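Asks: One structure, as structure tokens, below. Some questions next.
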Ligand code: SF4
């Protein structure tokens, strides 16, 4: 999963770009639900939120390290339950 750090300026640019609906407005800053984030695996070559964030405050979450295969597994599970 990716994570949003507190440099976030709440610009709302990333939320509509997430193909998994994993991003939402949190209490202070925008947040990513690790259960829904596939780092855009299955959808795009690059994480779209990272691409659009104007302050580069989104990166890989050290608490939720996943490889390509496990991210793709999550993608398949999410698609199957939609
Ligand atoms: Fe925050 Fe970046 Fe998302 Fe804007 S694009 S809401 S600064 S994480």
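Residue numbers (my numbering): 36 to 117.
All residues carry an ideal CB built from backbone N, CA and C; glycine is no exception.
Everything numeric in this text was worked out from a predicted model, so none of it was measured.
Would you say the region 43 to 63 touches the region 98 to 108, given that touching needs at least three Cβ pairs under 8 angstroms?
Replies: Contact fails: fewer than three Cβ-Cβ distances are below 8 angstroms.
Asks: Buried or exposed: residue 46, going by 16 or more other Cβ atoms within 10 Å of its Cβ?
Replies: That one is exposed.
Asks: Please classify residue 74: is it buried, with 16 or more other beta-carbons within 10 angstroms of its beta-carbon, or exposed?
Replies: Classification for residue 74: buried.
Asks: Between residue 38 and the ligand SF4, is there a pair consisting of the residue's CB and a ligand heavy atom that are separated by less than 7 angstroms?
Replies: No.
Asks: I'd like the list of long-range same chain contacts for residue 88, defined as Cβ closer than 6 angstroms, with 5 residues on each side in sequence excluded.
Replies: If we look at residue 88 and ignore the five residues flanking it on each side, its Cβ neighbours are 49.
Asks: Can you give me the start and stop residues for the beta strand (DSSP E) that residue 94 sits inside?
Replies: It spans 93 to 95 - the beta strand (DSSP E) in which residue 94 sits, taken as one unbroken run.
Asks: Which value, in whole angstroms, describes the spacing of the CA atoms of residue 40 and residue 79?
Replies: So the alpha carbons of these two residues sit roughly 22 angstroms apart.
Asks: Can the beta-carbon of residue 94 be found less than 8 angstroms from the beta-carbon of residue 38?
Replies: Yes, the Cβ-Cβ distance between residue 94 and residue 38 is below 8 angstroms.
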